[in-house]
């Protein structure tokens with residue numbers, strides 16, 4: 006009986022603490038960013054055990070259905086434990102831009118707050134965070150490297166093929182252009198590849214207020230960053246090896262076999278999927294390298310992605326860094342989020 010009374014007192018204390026948190030900050034929004042393999046999912050679930058949150062995914066790969074292994078998509082059990090949003094909302098043949106994400110995330114933040122809960126934005130797609138916190142009003146400048154890649158692709162495939170690619174990622178722009186309009190097709194594809202936002206969306210936003218939402222300035226931004234880059238590299242290598250063991254190649258082979266996907270689509274350019282597609286292409290041509298080649302290429306590409314993500318994060322002066330390789334990283338995050346230790350154990 007005494008133990009049960011103690012449990013009831015603890016439960017009442019935890020409930021009172023949560024009530025105080027919500028009363029003091031009814032419009033609270035939390036963001037949790039970090040490079041790939043830094044432990045964002047586990048950290049988000051730790052917060053969800055302590056706070057009344059709903060998770061909004063900030064990940065350009067998790068939006069796609071049928072892409073589960075290579076994206077390290079949260080499991081069914083994890084998604085059942087706390088509401089998740091913006092996962093499995095697009096077919097891999099469809100595009101999903103940063104502008105679409107920003108609109109969806111703004112709507113979801115309002116809906117979650119209306120339910121008396123805390124929106125928890127979690128992910129590593131830094132362009133999406135930029136779209137939310139800074140807006141998308143500026144047109145990207147010309148990028149010589151991207152233009153050269155588009156020109157090389159056109160020489161190999163022809164401009165009609167690139168026009169077809171544009172139709173998949175920006176149907177509105179493609180509808181206005183002839184299949185041989187090289188200059189305009191190149192610019193539209195360049196804008197998409199540089200910014201992740203269709204040219205037609207940039208044009209529609211011209212002259213419109215593209216300011217970030219009012220809550221963005223007060224959003225609590227936590228960033229999972231390792232003290233030791235080697236720690237992150239080890240996790241990346243282990244995770245990609247596990248993806249191969251879990252059937253990444255079979256997953257990509259199934260997507261490839263649909264017949265309506267290509268390696269130029271945003272979904273198939275995701276790290277891991279692009280490398281597996283290339284390996285399967287080589288296999289189909291009768292000269293596939295060993296699986297170790299795919300493993301090494303996938304790990305290298307993932308490390309490069311993590312490097313770019315960390316570069317973005319270092320430019321976010323407002324962030325509060327949580328050293329994700331520290332043994333007590335979850336406790337540090339909970340403390341930084343204002344969760345008392347006893348409440349964190351509820």
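In the working numbering, the protein residues as written are 6 to 351.
Ideal placement from N, C-alpha and C gives every residue a C-beta, glycine not left out.
Contacts around residue i, its chain only, beta-carbon distance under 8 Å, and the 5 residues preceding and following it disregarded
i: residue 110; result: 61, 63, 91, 126, 133 and 137
i: residue 4; result: Beyond the ends of the chain as shown, which are 6 and 351, falls residue 4; an answer cannot be given.
i: residue 324; result: 38, 226, 227, 228 and 318
i: residue 120; result: 59
Own chain residues within Cβ distance below 7 Å of residue i, not counting five before or after
i: residue 258; result: 285
i: residue 232; result: 328 and 330
i: residue 118; result: 32 and 124
i: residue 283; result: none
i: residue 306; result: 276 and 280
For residue i, the residue or residues it bridges with in DSSP
i: residue 128; result: 38 and 63
i: residue 228; result: 38 and 326
i: residue 123; result: 58
i: residue 111; result: Note: residue 111 sits in no beta bridge, so no partner.
i: residue 89; result: 60
i: residue 33; result: BP columns for residue 33 are empty, so no partner.
i: residue 69; result: 95
Between the CA atoms of residue j and residue i - distance to the nearest angstrom
i: residue 288; j: residue 294; result: 8 Å
i: residue 49; j: residue 188; result: 45 Å
i: residue 182; j: residue 277; result: 33 Å
i: residue 162; j: residue 129; result: 33 Å
i: residue 86; j: residue 58; result: 11 Å
i: residue 169; j: residue 269; result: 10 Å
i: residue 165; j: residue 216; result: 36 Å
i: residue 140; j: residue 69; result: 24 Å
i: residue 116; j: residue 290; result: 50 Å
i: residue 333; j: residue 148; result: 43 Å
i: residue 388; j: residue 103; result: Past the edges of the chain, shown from 6 to 351, lies residue 388, and the structure says nothing about it.
i: residue 338; j: residue 44; result: 12 Å
i: residue 76; j: residue 292; result: 27 Å
i: residue 9; j: residue 342; result: Bear in mind that a pLDDT of 43 at residue 9, under 50, signals an unreliable position, so the number given afterwards is only what the model happens to contain. Rounded to the nearest angstrom, the two C-alpha atoms are 29 Å apart.
i: residue 71; j: residue 94; result: 11 Å
i: residue 186; j: residue 175; result: 15 Å
i: residue 83; j: residue 335; result: 17 Å
i: residue 218; j: residue 106; result: 13 Å
i: residue 198; j: residue 260; result: 22 Å
i: residue 80; j: residue 234; result: 27 Å
i: residue 200; j: residue 135; result: 11 Å
i: residue 321; j: residue 246; result: 31 Å
i: residue 312; j: residue 153; result: 24 Å
i: residue 221; j: residue 302; result: 37 Å
i: residue 316; j: residue 114; result: 27 Å
i: residue 78; j: residue 273; result: 16 Å
i: residue 267; j: residue 223; result: 41 Å
i: residue 180; j: residue 131; result: 30 Å
i: residue 263; j: residue 340; result: 47 Å
i: residue 214; j: residue 112; result: Reliability of the predicted coordinates at residue 214 is poor, the pLDDT of 47 falling under 50, and the value obtained from them is presented with this limitation in mind. Their backbone Cα atoms lie some 17 Å apart in a straight line.
i: residue 157; j: residue 173; result: 20 Å
i: residue 96; j: residue 250; result: 25 Å
Neighbourhood of residue i by C-beta distance below 6 Å, restricted to the same chain and skipping five residues each side
i: residue 271; result: 100
i: residue 236; result: 330
i: residue 56; result: 123
i: residue 184; result: 165 and 168
i: residue 297; result: none
i: residue 244; result: 42
i: residue 212; result: Unreliable positioning characterises residue 212 in this predicted model, as indicated by a pLDDT of 48, which lies under 50. The coordinate reading is nonetheless provided below. Nothing listed; no residue qualifies.
Check whether residue i and residue j have beta carbons under 7 Å apart
i: residue 190; j: residue 171; result: yes
i: residue 227; j: residue 52; result: no
i: residue 42; j: residue 240; result: yes
i: residue 265; j: residue 98; result: yes
i: residue 344; j: residue 230; result: no
i: residue 281; j: residue 253; result: yes
i: residue 314; j: residue 88; result: no
i: residue 248; j: residue 74; result: yes
i: residue 47; j: residue 275; result: no
i: residue 178; j: residue 193; result: yes
i: residue 304; j: residue 209; result: no
i: residue 238; j: residue 300; result: no
Heavy atom of the ligand ATP within 6 Å of residue i beta-carbon
i: residue 133; result: Of ligands this structure carries none, so the ligand ATP is not represented either.
- Message: For a minimum of 4 consecutive residues, which ranges assigned as the alpha helix (DSSP H) are wholly contained in the stretch 274-304?
- Response: You should have 278-289.
- Which parts of the stretch 221-265 are runs of the beta strand (DSSP E), unbroken and 3 residues or longer, counting only runs that do not cross its ends? At a cut-off of 3 residues, the continuous stretches assigned as beta strand (DSSP E) that sit fully inside the stretch 221-265 are 225-230.
- Within the stretch 137-211, ranges of the beta strand (DSSP E) (whole runs, at least 3 residues): Within the stretch 137-211, no complete beta strand (DSSP E) run reaches 3 residues.
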